[in-house]
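The structure under discussion appears below in the form of structure tokens.
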Amino acid sequence: MISFSDTAVAKVKEFAAQTPEAKGKNLRIFIQGVGCSGFAYGFTFDDKRDDDTVIENGDLTVLVDPNSAPNLTGATVDFIDDQRGTGFMVDNPNQPAADACGTGGGCSGCG
């Protein structure tokens with residue numbers, strides 16, 4: 063369903079080790095909404111819920127809610143630190159198509 067690069071897994075573990083609230087919890091990835099550039103993603107450490115999809119990615123357990131799961135199928139998560147910025151990057155084949163001005167996701171105008 064969702065795969066994480068080795069770099070992303072290492073960064074999640076690093077964040078978990080530095081975040082006391084993450085102790086005993088798993089990573090949750092979810093879609094927060096759709097904006098001009100497509101899906102907006104959220105990441106948090108959370109407890110498993112009964113209706114979650116549980117993905118084992120090596121020794122990383124990822125939780126996905128039933129509303130986000132269909133839109134995250136086939137997605138790959140990486141962690142980048144380069145000229146584009148620093149953070150998690152989601153490569154998602156289900157990303158909504160860009161509109162005519164290239165911003166996608168229902169913006170009211172270009173620019």
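Be aware that the sequence shown starts at 63, since it is given in our numbering, and climbs by one per residue.
Heads up, the beta-carbon is just placed ideally off N, CA and C, and yes, glycines get one too.
Asked                                                                                                                                                               : Found
Could you pull out every residue in the same chain whose Cβ sits closer than 8 Å to the Cβ of V93, ignoring the five residues on either side in sequence?           : A small correction: the amino acid at residue 93 is Ile; Val does not occupy that position in the sequence shown. Same-chain partners within the cutoff: F101, A102, Y103, G104, N129, S130, N133, L134.
Going by CA-CA distance only, name the one from L89, F141, Q80 that's closest to D68.                                                                               : F141
Between the Cα of V71 and those of Q145, V139, P158, spot the shortest distance and give me the residue it belongs to.                                              : V139
Quick one: Cα of M63 to Cα of A159, how far?                                                                                                                        : 21 Å
Three-state secondary structure (DSSP) at A159?                                                                                                                     : coil
Check whether the region 150–157 touches the region 107–120, counting contact only when three or more Cβ pairs, one atom from each stretch, lie closer than 8 Å.    : no
Between E83 and the rest of its own chain, which residues show a CB-CB distance below 7 Å, the 5 nearest in sequence each way excluded?                             : F107
Please state whether DSSP places Q80 in a helix, a strand or coil.                                                                                                  : helix
Classify T123 as helix, strand or coil using the three-state DSSP reduction.                                                                                        : strand
With a threshold of 6 Å on Cβ separation, who are the neighbours of T123 within its own chain once the five nearest residues in sequence on each side are excluded? : N88
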